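Numbering (this note's numbering), first residue to last: 96 to 393.
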């Protein structure tokens, strides 16, 4: 993944340009959401909000009993009590980018040249103004204390339980996590594993590298929030919206961002803000969202 992106920054607009739908209206696109935040639709002016702390978290893991391992690196930005995060490919985030974020206002970071910085900044802002609470549509799901593998499997059950598909359906999994594949198998669902890194799954299955090429042959999509950071989220969302296909997001990256797309291509989100389950062995919580039912509180 190349985090450098030279796209034209989203234009600043006012909330009035969104027909008075208010901050609860689903975002029409990622750029639409950024424009609404910059326009003050969600509350505090992002030009007046400054990042106090920026940091990266690096991890390498090989669960007991598993043949392979993996590495994670996550950029996180702290805005008062809220932390926003975006995963990056290990080693690709320059140290200078972290220093550039400290003391910067949110509006500037939302237009930063590095996409992961933009995503983490948006996540931090929305974590502050739309935290994961029942009033905002979140439903907590407890994770037990225990080993990294036990917690990984518990999270996988929380995530895969949101996939609205009958046994035998084919699920495109974007961002391979072996515990998720294991949980889908337990539900009798088939899957197409896809990840930019390629390779094979724990069971020797080839991992595809082009998710968009696999969409037509799948009945549902289960995708990592990392798609926000590498630019592949919008094509997935647009496909799901156009074809009425379930799109479930599991989100350490952009955990507060992705619920804003419920009803606009995203059918459910399992949101996991910092600190993530792999950081300690104690109990934890993820927050599940489903597409709002008409008339129900969002």
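Glycine residues also receive a C-beta, built at the ideal position from the N, C-alpha and C atoms. Keep in mind it's a predicted model, so treat the numbers as computed, not measured.
Taking the alpha-carbon positions, what's the residue i to residue j distance?
{"i": "residue 236", "j": "residue 183", "result": "26 Å"}
{"i": "residue 339", "j": "residue 191", "result": "42 Å"}
{"i": "residue 166", "j": "residue 143", "result": "35 Å"}
{"i": "residue 186", "j": "residue 171", "result": "15 Å"}
{"i": "residue 134", "j": "residue 288", "result": "38 Å"}
{"i": "residue 369", "j": "residue 311", "result": "34 Å"}
{"i": "residue 138", "j": "residue 217", "result": "13 Å"}
{"i": "residue 159", "j": "residue 247", "result": "12 Å"}
{"i": "residue 49", "j": "residue 325", "result": "No statement about residue 49 is possible, as the shown extent of the chain runs from 96 to 393 and does not include it."}
{"i": "residue 212", "j": "residue 189", "result": "11 Å"}
{"i": "residue 125", "j": "residue 329", "result": "7 Å"}
{"i": "residue 333", "j": "residue 384", "result": "19 Å"}
{"i": "residue 304", "j": "residue 292", "result": "7 Å"}
{"i": "residue 223", "j": "residue 234", "result": "18 Å"}
{"i": "residue 220", "j": "residue 262", "result": "39 Å"}
{"i": "residue 242", "j": "residue 379", "result": "12 Å"}
{"i": "residue 110", "j": "residue 352", "result": "Here residue 110 scores only 34 on pLDDT, less than 50, and its place in the model should not be relied on; the value that follows carries that caveat. Approximately 18 Å between the Cα atoms of the pair."}
{"i": "residue 377", "j": "residue 323", "result": "28 Å"}
{"i": "residue 256", "j": "residue 250", "result": "10 Å"}
{"i": "residue 290", "j": "residue 130", "result": "30 Å"}
{"i": "residue 318", "j": "residue 306", "result": "10 Å"}
{"i": "residue 341", "j": "residue 197", "result": "38 Å"}
{"i": "residue 252", "j": "residue 282", "result": "10 Å"}
Helix, strand or coil for residue i, going by three-state DSSP, please let me know.
{"i": "residue 148", "result": "strand"}
{"i": "residue 205", "result": "coil"}
{"i": "residue 372", "result": "helix"}
{"i": "residue 344", "result": "strand"}
{"i": "residue 132", "result": "helix"}
{"i": "residue 304", "result": "coil"}
{"i": "residue 119", "result": "coil"}
{"i": "residue 177", "result": "strand"}
{"i": "residue 280", "result": "helix"}
{"i": "residue 297", "result": "coil"}
{"i": "residue 187", "result": "coil"}
{"i": "residue 168", "result": "strand"}
{"i": "residue 291", "result": "coil"}
{"i": "residue 124", "result": "coil"}
{"i": "residue 264", "result": "coil"}
So residue i and residue j are in contact, right, with Cβ under 8 Å, and what is the actual spacing, rounded?
{"i": "residue 331", "j": "residue 316", "result": "6 Å"}
{"i": "residue 146", "j": "residue 174", "result": "6 Å"}
{"i": "residue 151", "j": "residue 168", "result": "6 Å"}
{"i": "residue 335", "j": "residue 358", "result": "Not confirmed; about 11 Å, so no contact."}
{"i": "residue 381", "j": "residue 238", "result": "6 Å"}
{"i": "residue 362", "j": "residue 259", "result": "7 Å"}
{"i": "residue 122", "j": "residue 355", "result": "5 Å"}
{"i": "residue 156", "j": "residue 373", "result": "6 Å"}
{"i": "residue 284", "j": "residue 264", "result": "6 Å"}
Tell me whether the segment 228-246 and the segment 168-188 touch, counting them as touching only if at least three CB pairs, one residue from each stretch, are closer than 8 Å.
no
For the segment 341-350 against the segment 297-304, do three or more pairs of beta-carbon atoms, one drawn from each stretch, fall closer than 8 Å, so that the two count as touching?
no
Within the segment 196-261, note down every full beta strand (DSSP E) run reaching 3 residues or more, in order along the chain.
234-238
Counting Cβ pairs closer than 8 Å, one from the segment 276-283 and one from the segment 255-268, do we hit at least three?
yes
Quick test of the definition: if touching needs 3 or more C-beta pairs under 8 Å, does the segment 197-204 touch the segment 356-371?
no
Give, in chain order, every unbroken run of the beta strand (DSSP E) that is at least 3 residues long and sits entirely within the segment 313-367.
315-319, 342-346 and 363-366
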